[in-house]
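Visitor: Submitted below is the structure of interest, expressed as structure tokens.
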Amino acid sequence: MPIYTPLMFFILSFTLIAGCGENNYIYFSGESTHWNAEFKLKQSQDSKHGTYFLYYKDKSKKQTNVVININNGETIKTIKEMKHSKIQIPINCSGCYTKSEKSAIDVVIKWNGKEETIQLESNN
Numbered sequence: 250m251p252i253y254t255p256l257m258f259f260i261l262s263f264t265l266i267a268g269c270g271e272n273n274y275i276y277f278s279g280e281s282t283h284w285n286a287e288f289k290l291k292q293s294q295d296s297k298h299g300t301y302f303l304y305y306k307d308k309s310k311k312q313t314n315v316v317i318n319i320n321n322g323e324t325i326k327t328i329k330e331m332k333h334s335k336i337q338i339p340i341n342c343s344g345c346y347t348k349s350e351k352s353a354i355d356v357v358i359k360w361n362g363k364e365e366t367i368q369l370e371s372n373n
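Per the working numbering, the sequence shown starts with residue 250, numbered consecutively.
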């Protein structure tokens, strides 16, 4: 019986440590007529790190003067000419407001004189 006690302690400790190290990602997604959007977010109590991915659906056309406005100006990205149909916007913030899984993210995209709004919802 004494041999099993240290073994059980080791197994329990390892299980707890492994459980604490899991990735706590939140995935958001949405689409409009011309765009698909995703956001992969990892956050703690006072920081967030993630990436927005925006995809233009018609890959054959070049897009110019693209302006992306996320959450009413929280993040703004301007691109003169898209070289690919995919845009990546990294987010890294410490000491900032964190996102709830239940809250939606509004993304407004303006390009070539057009405008569309995408509401990203959590997939979790």
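Quick reminder that beta carbons are idealized off the backbone N, C-alpha and C, glycines included.
His298 lies in the beta strand (DSSP E); which residues open and close that run?
Guide: It spans Ser296 to Tyr305 - the beta strand (DSSP E) in which His298 sits, taken as one unbroken run.
Visitor: From the DSSP output, which residues share a beta bridge with Gly279?
Guide: Gly279 is bridged to Ala286.
Visitor: Thinking C-beta only, is Ile317 closer than 8 Å to Ile338?
Guide: The answer is yes: Cβ separation under 8 Å.
Visitor: Using DSSP bridges, identify the partner residues of Asn318.
Guide: Answer is Ile325 and Val357.
Visitor: Cα separation between Lys329 and Thr313?
Guide: Answer to the nearest angstrom: the Cα atoms are 5 Å apart.
Visitor: Look at the Cβ atom of Gly299, then the Cβ atom of Leu369, and state whether they are nearer than 8 Å.
Guide: Contact flag unset, no.
Visitor: Report buried or exposed for Gln292, applying the criterion of at least 16 other Cβ atoms within 10 angstroms of its Cβ.
Guide: Flag for Gln292 reads buried.
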